[in-house]
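Asker: After the structure tokens below, expect a handful of questions from me.
In our numbering, the protein residues as written are 166 to 306.
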């Protein structure tokens, strides 16, 4: 890994970034539970693929991923840092390519990936996920 030009403040802030059980993840799970849905958290939908979904509905084969606006290049809120710009552009574009590949691999295995942006309202996202899960279970037309 290259030696990046950074500051102590940035280093401290980045080290505090959680990779699981973030505020939006917990809020989404709370809303899903309130809507009567039961799920698993932080599991691999397809064991052979080393990618973990944030929320998994096994029988319906729906995998939910909560994507951070910065880390996954949100078209609405994503930013391109000026400092170490080439490194971050490569990192974010690699994340996006991996996300697309994950969605494709899951689809080939009969799963549906649902992407939720961190800026989305948890209630709206949960409603969208609920509709998707119920459709996959054959309970909605």
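Here a beta-carbon is modelled for each residue, glycine too, at the ideal position from N, C-alpha and C.
#1: Can residue 238 and residue 217 be called in contact, C-beta distance under 9 Å?
#2: Could you give the distance in angstroms between the alpha-carbon of residue 221 and the alpha-carbon of residue 269?
#3: May I have the straight-line CA-CA distance separating residue 200 from residue 224, to the nearest angstrom?
#4: Indicate whether residue 298 and residue 290 have their beta-carbon atoms separated by less than 9 Å.
#5: Could you check if residue 232 is buried or exposed, using at least 16 other CB atoms within 10 Å of its CB as the buried criterion?
#6: Can you have a look at residue 186 and say buried or exposed, based on whether 16 or more other CB atoms are within 10 angstroms of its CB?
#7: Determine the direct distance from the alpha carbon of residue 212 to that of residue 276, and round the result to whole angstroms.
#8: At the level of alpha carbons, what is the spacing between residue 251 and residue 304?
#9: Assuming the contact rule is C-beta atoms closer than 8 Å, residue 229 and residue 294 should be a hit. Round their C-beta distance to whole Å, please.
#10: Near residue 301, which residues of its chain fall below 6 Å by C-beta distance, leaving aside the five closest residues on each side in sequence?
#11: Report the option in 219, 214 and 209 whose CA atom is closest to the CA atom of residue 192.
#12: In its own chain, which residues sit with a C-beta less than 8 Å from the C-beta of residue 209, not counting the 5 before and 5 after it?
Answerer: Judging by the given coordinates:
#1: Within the chain shown, numbered from 1, the residue matching residue 238 stands at position 73. Within the chain shown, numbered from 1, the residue matching residue 217 stands at position 52. If you check the CB distance, residue 238 and residue 217 do not come in under 9 Å.
#2: The sequence position of residue 221 within the chain shown is 56, counting from 1. The sequence position of residue 269 within the chain shown is 104, counting from 1. If I take the Cα positions, the gap works out to 16 Å.
#3: Here residue 200 corresponds to residue number 35 of the chain shown, with the count starting at 1. Here residue 224 corresponds to residue number 59 of the chain shown, with the count starting at 1. Between residue 200 and residue 224, the C-alpha separation is close to 17 Å.
#4: Here residue 298 corresponds to residue number 133 of the chain shown, with the count starting at 1. Here residue 290 corresponds to residue number 125 of the chain shown, with the count starting at 1. No Cβ-Cβ contact shorter than 9 Å links residue 298 with residue 290.
#5: Residue numbering aside, residue 232 sits at position 67 when the chain shown is read from its first letter. Classified as buried, residue 232 has 16 or more neighbouring CB atoms from the shown chains inside 10 Å of its CB.
#6: On the chain shown, position 21 is the one that residue 186 refers to. Exposed.
#7: Numbered from 1 along the chain shown, position 111 holds the residue referred to as residue 276. Numbered from 1 along the chain shown, position 47 holds the residue referred to as residue 212. Taking the straight line joining both Cα atoms gives about 12 Å.
#8: Stepping through the chain shown from its first residue, residue 251 is reached at position 86. Stepping through the chain shown from its first residue, residue 304 is reached at position 139. Cα-Cα distance, rounded: 47 Å.
#9: To locate residue 229, count along the chain shown from 1; it is residue 64. To locate residue 294, count along the chain shown from 1; it is residue 129. That belief holds up - the Cβ atoms of residue 229 and residue 294 are roughly 6 Å apart, short of 8 Å.
#10: For the purposes of this step, residue 301 is taken as the residue at position 136 of the chain shown. When the five nearest sequence neighbours on each side are left out, the beta carbons in the same chain lying within less than 6 Å of the beta carbon of residue 301 are those of 225 and 227, in order along the chain.
#11: Within the chain shown, numbered from 1, the residue matching residue 192 stands at position 27. Per the Cα distances, 219.
#12: Position 44 of the chain shown, counted from the first residue, corresponds to residue 209. So the qualifying residues of the chain are 215, 216, 217 and 218.
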